[in-house]
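Quick mapping for you: the protein sequence lines, in order, are chains A and B. Those letters in the first sequence? Residues 1 to 243, per the numbering used here, in order. Those letters in the second sequence? Residues 1001 to 1328, per the numbering used here, in order.
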Amino acid sequence: MIKKILLTILFLTIHYSLITSHSYAITMDSTRFRIDFSNINSASGDKSSSGYKLSDTVGQLAAGQFASTGYIVKAGFQYIHSIIPFSFSVSNINIDLGTLIPNTPATGSTVLSINYGGAGQYQVTAIEETALQTLSGNAIPNTTCDGGVNICSESTARLWTLPSSYGFGYNMSGQDVPDDFVSTSFFRPFPNKAKAGIPSVVMTSTNVGRNRQATLTFKANISPVQPAGGYQTIVNFVATPSF
Amino acid sequence: MKNNIYSIFFSVLLSSIIYHLGSLPVAAQQVSLSLTPPLIESAISPGKSIMIAYNLKNNGDPTIINTRVVSFSPMGNLGNIQLKDEATGPVRFSLDNSFLQLNNPFILKTSEAQQLLLRIRVPDGAPNGDYYYTLLAETQAPPTTEGTVSTRAKAAIGANILVTVTDSGVVEINPKITLFATKGGFTLNQNVKIFDSFDKIPVVLYVQNKGNNLIKPEGSISLKGNFGETANFDIVPKNILAQSERLIEATPSSSIDCNGPSCNSPTSVTLSGFFIGTYQLSTNIGFGENSPSIFASTIFYAFPFKVLIGLFVTIAISVYIIKRLASD
């Protein structure tokens, strides 16, 4: 009888631990996320007197106009009243491509997220600081994709599927990505800052929006003569609102 | 024997429990920053300074942040920017925070916010004109892992600062409409377009700023039909920087419910509904009090081609069938 009770308790424990292993209690704040409450306005709108004119929304993040002798300042986009701050997230800043095997492409991805309800429009640019290279300077060249009619550039994505096409590049998929990324097989090389490259726009939208997400997939494919070693590079992502 | 079975059974169960309770999920290192306000527009006379309070918040993992100010220039005509490596021009920037300085990294913990008190100073004698900058808050790349093939990422978020230096308070307003037209349809001549009555009609309006100070358009795009029907679309007052051109947008948003090849590129406004006859599109744009207005107009025609063609085909087929049946 005791054993039966013990067994029942154990089974219930297992059931609990297995079934609920990926569920977590909802908290209002943690190290991974936060919840923004709706805005509570105590005052909003335009105010004026003989000495000043002020357009603001008290309780919102930043939208206002202040005038004084010698200077005028306007903060935020006056045509947008939003509580959503301009924010930018990169889901993973250390993308491991694993051990590269010749003629076998390796990929890794990270998710770029943007909230820009109060920023009018936005852009995210990307540029590599150097080629994907070892400390001794051996480099995996930037991809030119499959070649022929499929030669890609920093501004034009093309098909890259051939195992004999070597290099390092990226694909974009999701929201607000450039139109030339027709599918997940289309890639571009990164512009190279060490070679005076100009950052490429990888996400942009002219419309007000929030929680826009795109996946950037890195791809590397090496030839059999590529020297062994630890290849690294740093990619700079910069998110800016419009003006 | 029975006891051994129970022992093994309990051991497996306990191992399972320890495994499932003890193995916490491992997450990739994440960066998440927010920076407000995203835009500052200021007109400052030489010798004056202002202070702007920015709020920088870290919603990701703890990270080291570096703040700096760089110049930017407009790129294209959709409001994108191109950052430069450093700040140029006469405007000077510094942080008023006691323990923070520009180009001096600091740690920002998870969910922690830092107020950045940015001092913007225009020195005496600074030449009149516009100067455009971006305040950047950028993270540092994670440390190198020996022997692996990996890509490390640095993330930065920016907020734009538009500074107009003027000693008299007078700014130069010199706009020009470079394009006001419908897209798609059938072109009869350079200025006349024909659309099907059910088409969505994208309209583009580009304004060039030939002056040396930024301008902000105000006004509307108006549609007037030959039966007296009218519609007005208010222009969104987005800045047009000095010596640049920008697509002007009007509400409602041009991207809503707009599909097809003609809607793939940005538009100022998209007209939708049932159109028939002649329509006149016009725009009248001002740039604030006592400033000149600029005007442009265009016309288009709309007829129910698709319905008429469908009707004609249906009648033709019907007549053919009737004749065929009659002959049989």
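Just so you know, even glycine gets a beta-carbon here, dropped at the ideal spot from N, CA and C.
Close beta carbons around residue i, own chain, < 7 angstroms, minus the five adjacent residues each side
{"i": "residue 1219(B)", "result": "1235, 1283, 1284, 1285 and 1286"}
{"i": "residue 1315(B)", "result": "none"}
{"i": "residue 1074(B)", "result": "1081, 1241 and 1244"}
{"i": "residue 1329(B)", "result": "A question about residue 1329(B) goes unanswered here, because the residues of chain B that appear run from 1001 up to 1328."}
{"i": "residue 1310(B)", "result": "none"}
{"i": "residue 1092(B)", "result": "1121 and 1123"}
Own chain partners of residue i with C-beta closer than 6 angstroms, once the 5 adjacent residues on each side are dropped
{"i": "residue 1103(B)", "result": "1068"}
{"i": "residue 206(A)", "result": "121"}
{"i": "residue 129(A)", "result": "193 and 234"}
{"i": "residue 243(A)", "result": "none"}
{"i": "residue 105(A)", "result": "219 and 221"}
{"i": "residue 62(A)", "result": "In this prediction, residue 62(A) has a pLDDT of 29, which is less than 50 and means its spatial position is unreliable; nothing more can be read from the coordinates."}
{"i": "residue 1158(B)", "result": "1134 and 1136"}
{"i": "residue 71(A)", "result": "none"}
{"i": "residue 1182(B)", "result": "1193, 1201, 1203 and 1300"}
{"i": "residue 1105(B)", "result": "1064 and 1066"}
{"i": "residue 1097(B)", "result": "1117"}
Contact set between residue i and chain B, taken where Cβ atoms lie within less than 9 angstroms
{"i": "residue 232(A)", "result": "1144, 1145, 1148, 1149, 1150, 1151 and 1152"}
{"i": "residue 157(A)", "result": "Ordered by position in chain B, no residue passes the 9 angstroms Cβ test against residue 157(A), which lies about 16 angstroms from the chain."}
{"i": "residue 240(A)", "result": "1038, 1072, 1080, 1081, 1083, 1134, 1136, 1156, 1157, 1158, 1159 and 1160"}
Proximal chain A residues relative to residue i, where beta-carbon distance stays under 7 angstroms
{"i": "residue 962(B)", "result": "Residue 962(B) is absent from the model: chain B starts at 1001 and stops at 1328."}
{"i": "residue 1078(B)", "result": "206"}
{"i": "residue 1084(B)", "result": "None at all; the shortest Cβ gap to chain A is about 11 angstroms."}
{"i": "residue 1048(B)", "result": "70 and 71"}
Extent of the continuous beta strand (DSSP E) to which residue i belongs
{"i": "residue 1067(B)", "result": "1063 to 1075"}
{"i": "residue 1106(B)", "result": "1106 to 1108"}
{"i": "residue 1092(B)", "result": "1092 to 1095"}
{"i": "residue 115(A)", "result": "106 to 115"}
{"i": "residue 1342(B)", "result": "Lying before the first or after the last residue shown, residue 1342(B) is absent from chain B, which here runs from 1001 to 1328."}
{"i": "residue 71(A)", "result": "71 to 75"}
{"i": "residue 1271(B)", "result": "1269 to 1271"}
{"i": "residue 1246(B)", "result": "1244 to 1247"}
{"i": "residue 205(A)", "result": "200 to 205"}
{"i": "residue 1231(B)", "result": "1230 to 1234"}
Boundaries of the alpha helix (DSSP H) in which residue i is found, first to last residue
{"i": "residue 1324(B)", "result": "1305 to 1327"}
Proximal chain A residues relative to residue i, where beta-carbon distance stays under 9 angstroms
{"i": "residue 1241(B)", "result": "243"}
{"i": "residue 1213(B)", "result": "Going along chain A, no residue has its Cβ under 9 angstroms from residue 1213(B), so there is no contact; the nearest lies around 13 angstroms."}
Residues bridged to residue i [DSSP beta-bridge criterion]
{"i": "residue 1114(B)", "result": "1056(B)"}
{"i": "residue 171(A)", "result": "217(A)"}
{"i": "residue 1193(B)", "result": "1187(B) and 1300(B)"}
{"i": "residue 1161(B)", "result": "1040(B) and 1133(B)"}
{"i": "residue 1176(B)", "result": "1208(B)"}
{"i": "residue 1082(B)", "result": "1073(B)"}
{"i": "residue 1280(B)", "result": "1224(B) and 1299(B)"}
{"i": "residue 1286(B)", "result": "1218(B)"}
{"i": "residue 90(A)", "result": "112(A) and 1031(B)"}
{"i": "residue 1340(B)", "result": "Because chain B here runs from 1001 to 1328, residue 1340(B) falls outside it and cannot be looked at."}
{"i": "residue 122(A)", "result": "205(A) and 241(A)"}
{"i": "residue 128(A)", "result": "192(A) and 235(A)"}
Other residues of its chain near residue i: CB distance less than 8 angstroms, five sequence neighbours each side excluded
{"i": "residue 95(A)", "result": "108, 109, 110 and 218"}
{"i": "residue 1206(B)", "result": "1077, 1177, 1178, 1179, 1180, 1245, 1246, 1247 and 1248"}
{"i": "residue 1173(B)", "result": "1211, 1213, 1215, 1287, 1288, 1291 and 1292"}
{"i": "residue 1189(B)", "result": "none"}
{"i": "residue 1130(B)", "result": "1162, 1163, 1164, 1165, 1212, 1213, 1214, 1241 and 1242"}
{"i": "residue 1217(B)", "result": "1175, 1207, 1235, 1237, 1238, 1240, 1248, 1285, 1286 and 1287"}
Neighbouring residues, chain A, relative to residue i (Cβ below 8 angstroms)
{"i": "residue 1232(B)", "result": "Chain A residues near residue 1232(B): none, gap ~16 angstroms exceeds 8 angstroms."}
{"i": "residue 1042(B)", "result": "71, 72, 73 and 74"}
{"i": "residue 1162(B)", "result": "243"}
{"i": "residue 1045(B)", "result": "70 and 71"}
Chain B contact residues for residue i, given Cβ-Cβ distances below 7 angstroms
{"i": "residue 85(A)", "result": "1034 and 1036"}
{"i": "residue 246(A)", "result": "Absent from the structure is residue 246(A), since the part of chain A shown begins at 1 and ends at 243."}
{"i": "residue 110(A)", "result": "1153"}
{"i": "residue 133(A)", "result": "Neighbours of residue 133(A) on chain B: none; closest Cβ ~10 angstroms, over 7 angstroms."}
{"i": "residue 252(A)", "result": "Lying outside 1 to 243, the shown extent of chain A, residue 252(A) is not represented and no answer is given."}
{"i": "residue 175(A)", "result": "Here the premise fails: no neighbours, minimum Cβ distance about 13 angstroms."}
{"i": "residue 162(A)", "result": "Within 7 angstroms Cβ-Cβ: nothing; residue 162(A) doesn't reach chain B, min ~20 angstroms."}
Exercise for the section: Decide if the segment 170 to 181 of chain A is in contact with the segment 215 to 231 of chain A; the criterion is three or more beta carbon pairs, one per stretch, under 8 angstroms apart. Expected result: These segments touch.
Problem - the segment 1142 to 1160 of chain B / the segment 95 to 105 of chain A touching (three or more Cβ pairs under 8 angstroms) - result: The segment 1142 to 1160 of chain B vs the segment 95 to 105 of chain A: in contact.
Exercise for the section: Report yes or no: do the segment 217 to 232 of chain A and the segment 1122 to 1139 of chain B share at least 3 C-beta pairs separated by less than 8 angstroms? Expected result: No: fewer than three Cβ pairs fall under 8 angstroms.
Problem - Segment contact, 8 angstroms Cβ cut-off, at least three pairs: the segment 1106 to 1125 of chain B with the segment 197 to 205 of chain A - result: The segment 1106 to 1125 of chain B, when compared against the segment 197 to 205 of chain A, does not touch it at the 8 angstroms Cβ threshold.
Exercise for the section: Would you check if the segment 1267 to 1283 of chain B and the segment 1031 to 1038 of chain B touch, i.e. whether three or more CB-CB distances between them fall below 8 angstroms? Expected result: No, they do not touch.
Practice task
Would you be able to state if there are at least three C-beta pairs under 8 angstroms between the segment 182 to 190 of chain A and the segment 131 to 150 of chain A?
Solution key: Yes, since at least three Cβ pairs between the segment 131 to 150 of chain A and the segment 182 to 190 of chain A fall closer than 8 angstroms, the two stretches touch.
Problem - Cβ pair count under 8 angstroms reaching 3, the segment 1159 to 1169 of chain B against the segment 1043 to 1051 of chain B - result: Between the segment 1159 to 1169 of chain B and the segment 1043 to 1051 of chain B, the count of Cβ pairs shorter than 8 angstroms is three or higher; the stretches touch.
Practice task
Would you check if there are 3 or more beta carbon pairs closer than 8 angstroms linking the segment 221 to 235 of chain A to the segment 131 to 140 of chain A?
Solution key: The segment 221 to 235 of chain A vs the segment 131 to 140 of chain A: in contact.
Handout entry: Residues of the segment 210 to 237 of chain A whose Cβ lies closer than 7 angstroms to any Cβ of chain C, in chain order
Key = The structure shown contains no chain C; its protein chains are A and B.
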